[in-house]
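Visitor: Sharing a structure here in structure tokens format.
Number of protein chains: 2
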Amino acid sequence: MKSHITYLSFDELADRLCGIFQRHGCPSNVARLLAENCAAAERDGAHSHGVFRMRDYVSNLKADGWVDPAATPVIEDASPGFVRVDARNGFAVPALAGARDLGIRKARHNGAAVIAIRNSHHLGALSLDVEPFAEEGMIALSFINSSPAVVPYGGHTAVFGTNPFAFAAPRAGEPPLVFDMATSVMAHGDVQIAAREGRALEPGIGVDAEGRPTTDPAKVLDGGALLPFGAHKGAAISLMVEILCAALVGGNFSAEVDPSRHPGAVTANTGQSLLLIDPRKGRGALPDFAGRVSDIVGYVRDAGQQRLPGDRRLRHRAQSMKRGIPLGAEVLDFLDSLEAA
Amino acid sequence: MKSHITYLSFDELADRLCGIFQRHGCPSNVARLLAENCAAAERDGAHSHGVFRMRDYVSNLKADGWVDPAATPVIEDASPGFVRVDARNGFAVPALAGARDLGIRKARHNGAAVIAIRNSHHLGALSLDVEPFAEEGMIALSFINSSPAVVPYGGHTAVFGTNPFAFAAPRAGEPPLVFDMATSVMAHGDVQIAAREGRALEPGIGVDAEGRPTTDPAKVLDGGALLPFGAHKGAAISLMVEILCAALVGGNFSAEVDPSRHPGAVTANTGQSLLLIDPRKGRGALPDFAGRVSDIVGYVRDAGQQRLPGDRRLRHRAQSMKRGIPLGAEVLDFLDSLEAA
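Chains as they are written, first to last, in my numbering: chain A, 1 to 341; chain B, 1 to 341.
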């Protein structure tokens, strides 16, 4: 039984992933951003968006003509509080990285700003996209749509992506409060992990290709679909995500993405939107915003919620930074295979 | 058995409610706004925020010193995309009405704007607050916190309000797409209706004063609490609502409101935030935003979701505008009693 664990530093892991991205066609700047994004998810224990996702990245990069890893995003200063980004069929992470500073400047000046990214491919953890804004003192919300994977409430056919949204806010004396969630009842990455590990899903998570309830993750992945979380409420939120990521940005709805002529394609050329708010514009004469975020977190802990959003991620991160990011032998073998592929 | 239904026009009902508000201390402009808000909820079949709520309004107005119906909101142009409103312990509806045009002008110019209202009392249907922005071509999101009524995920004590949020977007050829939802698994008003009608709740909705699960709406209302919708996800959204409605605006968290020395008090002097986005800044060269909203609504209907968010409300509204707003004899008796009280 192989259970030997190797601990890599963040830089060691990111360098290794960067080499794989470059080997599969990414220019060095894009490779570096994607590698750091993926390594950060692994560092934070967000395994469904960590090294596990490298298989999808490589498959996606090999799906000829699907994503352009060398695309140069076009960033357009549309109005005092609105940044438009055309990712030009490239990855979302470099598109957002290119727009981040302009978005922050606009939010600082105006109090509120939007970054609207279209024609972009997203495979990362959404929490990592909003966190840097909170580190700059901003409230950030972000939304992504993707490929059809979720049936509407009471519907029979997948229309929505898993359409996550994320929220981040600065917090006094601690790292920012950050959470993200799929608006499906389970993240697609977690269904893939269950399938890989041969675990059944709980009832109420997915349907098969005929729209019948199933607990088999393979049936969900093979033409089936997930249900929205929270019944009609989650479905309404998922609809809102589609509007904010397609209608608003000028891009594709999840249901308009057709990767069928690109075998191996995993991502969707859809969109991402971010809403930024500068809390310093709102606090008036009352105590500092970040201190107030700490107050509500304290109330919630006192009321008995033991694990707050983001707590697990921060604990994993602290451990990873102290002793290294743990990787099993089979994961290292897997990275070897991607380096050789 | 009394089952005679009287049909009132919107104006007839609003006039009648306006008289009750004035009788109980509201100046005529505030009485008119609250009456139209309440009549609109009844017109739209949103009964938990319709005439049923008049009992709460009157009780609240009689709770000496709790809400100031004559307060003049202070509207502050804080930055190019940020409006601060101090409702001065008055109702939220007139505070928002006073800030609406400035918010729309800011969003039109910047692409994005925030309206941050503090020290306000809200008893209306949140959908009615966002709808007028969509009628002006804006995307609007709004959030409200209130009094502690919802336990955090896995917690034992109420910390969150039912903390609803609402979304509205213009839609081609049809009224705006509008929805609101409590982030509790059920709206507080619906628990009150169940209690009044003597109906048991479904399991998984509430806990009693000792934090034990109960299906008795009276026990939920009497020191108990509701659960968040969608388990930890709904709880995270409710936490976000607290941050956007208290930390951001400079007001009270739900858990900081203490009406105990004001018998009859129903509302909370908390806050409300609105995020406005001008979709015309985002559409680029692609088709019109409102048409794209129609597209996604079409996809969702084609996939088998028979009732979209807001459909029921629009159907009720159309019927009410055609034949009048139906009110049972007992409701009219109830209004008589409020007029005499």
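From the three backbone atoms N, C-alpha and C, an ideal C-beta is built for every residue, glycine too.
Could you spell out where the alpha helix (DSSP H) holding B/Phe21 opens and where it closes?
Guide: Within the second sequence, residue 21 of chain B is the residue found at index 21, counting from 1. Here the alpha helix (DSSP H) through B/Phe21 covers Phe10 to Arg23.
Visitor: Beta-carbon of A/Glu136 versus every beta-carbon of chain B: anything under 7 Å?
Guide: Within the first sequence, the letter at position 136 stands for residue 136 of chain A. Judged by the 7 Å Cβ criterion, A/Glu136 is not in contact with chain B.
Visitor: Out of A/Lys106, A/Val257 and A/Arg118, state which residue places its alpha-carbon closest to the alpha-carbon of A/Val85.
Guide: Against the first sequence, residue 85 of chain A aligns to sequence position 85. Taking only the C-alpha atoms, the option nearest A/Val85 is A/Arg118.
Visitor: Would you tell me roughly how many angstroms separate the C-alpha atoms of B/Asp44 and B/Trp66, rounded to the nearest one?
Guide: Counting from one through the second sequence, the residue named residue 44 of chain B turns up at place 44. Counting from one through the second sequence, the residue named residue 66 of chain B turns up at place 66. C-alpha separation (whole angstroms): 29 Å.
Visitor: What do you get for B/Ser260, buried or exposed, if any count of 16 or more other CB atoms within 10 angstroms of its CB means buried?
Guide: Position 260 of the second sequence, counted from the start, is the residue given in the question as residue 260 of chain B. Looking at its Cβ environment, which holds fewer than 16 other Cβ atoms inside 10 Å, B/Ser260 is exposed.
Visitor: So, under 8 Å CB-CB, A/Gly198 and B/Ala116 are touching, yes? Tell me the CB distance rounded to an integer number of Å.
Guide: For the purposes of this step, residue 198 of chain A is taken as residue 198 along the first sequence, with counting starting at 1. For the purposes of this step, residue 116 of chain B is taken as residue 116 along the second sequence, with counting starting at 1. Incorrect: roughly 50 Å between the Cβ atoms, too far for contact.
Visitor: If you measure from the beta carbon of A/Thr215 to each beta carbon in chain B, is any gap under 7 Å?
Guide: To locate residue 215 of chain A, count along the first sequence from 1; it is residue 215. No, no contact with chain B.
Visitor: Distance, Cα to Cα, B/Pro343 vs B/Val159?
Guide: For residue 343 of chain B there is no data in the structure shown, the boundaries of chain B being 1 and 341.
Visitor: Taking just the CA atoms, how far does B/Asp278 sit from B/Glu136?
Guide: Looking up residue 136 of chain B in the second sequence gives position 136. Looking up residue 278 of chain B in the second sequence gives position 278. Taking the straight line from one Cα to the other gives about 10 Å.
Visitor: What do you get for B/Asn110, buried or exposed, if any count of 16 or more other CB atoms within 10 angstroms of its CB means buried?
Guide: Numbered from 1 along the second sequence, position 110 holds the residue referred to as residue 110 of chain B. That one is buried.
Visitor: I'd like to know if the stretch 45–54 of chain B and the stretch 137–145 of chain B are in contact, where contact means that at least 3 CB-CB pairs between them fall below 8 Å.
Guide: Result no; under three Cβ-Cβ pairs closer than 8 Å.
Visitor: Secondary structure at B/Asp302, three-state DSSP: helix, strand or coil?
Guide: Translated into the one-based positions of the second sequence, residue 302 of chain B becomes position 302. If DSSP states are grouped into helix, strand and coil, B/Asp302 belongs with the helices.
Visitor: Closer than 7 Å, CB to CB, is A/Asn110 near chain B or not?
Guide: On the first sequence, residue 110 of chain A is found 110 positions in, with the first residue counted as 1. Chain B contact via Cβ: present.
Visitor: Is there at least one Cβ from chain B nearer than 7 Å to A/Gly271's Cβ?
Guide: Within the first sequence, the letter at position 271 stands for residue 271 of chain A. By this cut-off, A/Gly271 is not an interface position.
Visitor: Would A/Leu96 count as contacting chain B if we go by Cβ distances under 7 Å?
Guide: For the purposes of this step, residue 96 of chain A is taken as residue 96 along the first sequence, with counting starting at 1. By this cut-off, A/Leu96 is not an interface position.
Visitor: Output yes if chain A places a C-beta closer than 7 Å to the C-beta of B/Ser127; else output no.
Guide: Position 127 of the second sequence, counted from the start, is the residue given in the question as residue 127 of chain B. Chain A, which has no Cβ nearer than 7 Å to the Cβ of B/Ser127, makes this no.
Visitor: When DSSP labels each residue in this structure, what does B/Arg347 get in the three-state scheme?
Guide: The structure shown has nothing for residue 347 of chain B, since chain B only spans 1 to 341.
Visitor: Cutting at 7 Å between CB atoms, please list the residues of its own chain near A/Arg16, excluding the five before and the five after it.
Guide: One-based indexing of the first sequence puts residue 16 of chain A at position 16. Excluding residues within five positions, the ones whose Cβ falls inside 7 Å are Leu335.
Visitor: Rank B/Ile144, B/Thr157 and B/His121 by C-alpha distance to the C-alpha of A/Gly304 and give the top, closest one.
Guide: By 1-based counting over the first sequence, the position of residue 304 of chain A is 304. Measuring from the Cα of A/Gly304, the nearest candidate turns out to be B/Thr157.
Visitor: Check B/Ile139 in the structure and name its three-state DSSP category.
Guide: The sequence position of residue 139 of chain B within the second sequence is 139, counting from 1. It is a strand residue.
Visitor: Output the distance between the C-alpha atoms of A/Ala166 and B/Glu42, rounded to the nearest integer angstrom.
Guide: Your numbering for residue 166 of chain A matches position 166 in the first sequence. Your numbering for residue 42 of chain B matches position 42 in the second sequence. Each residue's alpha carbon lies about 35 Å from the other.
Visitor: Who are the neighbours of A/Leu201 on chain B, taking C-beta pairs under 7 Å?
Guide: The residue you call residue 201 of chain A lines up with position 201 of the first sequence. Result: empty, since nearest Cβ-Cβ is about 16 Å, beyond 7 Å.
Visitor: For a contact meaning CB atoms closer than 7 Å, what does A/Val342 contact in chain B?
Guide: The structure shown does not extend to residue 342 of chain A, since chain A is modelled only from 1 to 341, so the question has no answer here.
Visitor: In angstroms with no decimal places, state the Cα-to-Cα distance between A/Met1 and A/Pro217.
Guide: Numbered from 1 along the first sequence, position 1 holds the residue referred to as residue 1 of chain A. Numbered from 1 along the first sequence, position 217 holds the residue referred to as residue 217 of chain A. Low confidence applies to A/Met1: its pLDDT is 47, below 50, so where it sits in the model is not reliable, and the reading given next is rough at best. Computed Cα separation, rounded: 26 Å.
Visitor: Grab the span of the alpha helix (DSSP H) containing B/Ile237 for me, first residue to last.
Guide: Position 237 of the second sequence holds residue 237 of chain B. Unbroken alpha helix (DSSP H) run through B/Ile237: Ala231 to Glu242.
Visitor: Sorted by chain position, which residues of the same chain lie with C-beta nearer than 7 Å to B/Val93's C-beta, five sequence neighbours on each side aside?
Guide: Here residue 93 of chain B refers to the residue found at position 93 when the second sequence is read from its first residue. Answer for B/Val93: Leu33, Leu34, Asn37 and Gly124, listed in chain order.
Visitor: Output needed in chain order: residues of the stretch 152–163 of chain B with a Cβ under 9 Å from some Cβ in chain A.
Guide: Listed by position along the chain: Pro152, Tyr153, Gly154, Gly155, His156, Thr157, Ala158, Val159 and Phe160.
Visitor: Pairing CB atoms from the stretch 98–106 of chain A with CB atoms from the stretch 74–88 of chain A, are three or more of them under 8 Å?
Guide: The stretch 98–106 of chain A is in contact with the stretch 74–88 of chain A.
Visitor: Using a beta-carbon distance below 7 Å, is A/Ile75 in contact with chain B?
Guide: Along the first sequence, one-based indexing puts residue 75 of chain A at 75. No - not a single Cβ of chain B is within 7 Å of the one on A/Ile75.
Visitor: Tell me, please, which residues DSSP counts as bridged to B/Ala112.
Guide: Here residue 112 of chain B refers to the residue found at position 112 when the second sequence is read from its first residue. Looking at the DSSP assignment, B/Ala112 forms a beta bridge with B/Ile277.
Visitor: Does the beta carbon of B/Tyr299 come closer than 7 Å to any beta carbon on chain A?
Guide: Against the second sequence, residue 299 of chain B aligns to sequence position 299. True, the Cβ-Cβ gap to chain A drops below 7 Å.
Visitor: Could you give the first and the last residue of the continuous beta strand (DSSP E) run that contains B/Val30?
Guide: Locating residue 30 of chain B in the second sequence gives position 30, counting from the first residue. That residue, B/Val30, is in no beta strand (DSSP E); its alpha helix (DSSP H) goes Ser28 to Arg43.
Visitor: Just curious, the beta strand (DSSP E) that A/Pro326 is in, first and last residue?
Guide: For this step, residue 326 of chain A is matched to residue 326 along the first sequence. A/Pro326 -> beta strand (DSSP E) spans Ile325 to Gly328.
Visitor: Could you tell me whether the stretch 295–309 of chain A touches the stretch 149–156 of chain B, where touching means 3 or more Cβ pairs closer than 8 Å?
Guide: In short, these stretches touch, since the Cβ pair count reaches three.
Visitor: Per the contact definition of three or more C-beta pairs closer than 8 Å, is the stretch 243–262 of chain A in contact with the stretch 181–195 of chain B?
Guide: No, the stretch 181–195 of chain B does not touch the stretch 243–262 of chain A.
Visitor: Near A/Phe229, which residues of its chain fall below 7 Å by C-beta distance, leaving aside the five closest residues on each side in sequence?
Guide: For the purposes of this step, residue 229 of chain A is taken as the residue at position 229 of the first sequence. Same-chain partners within the cutoff: Thr183, Ser184 and Val185.
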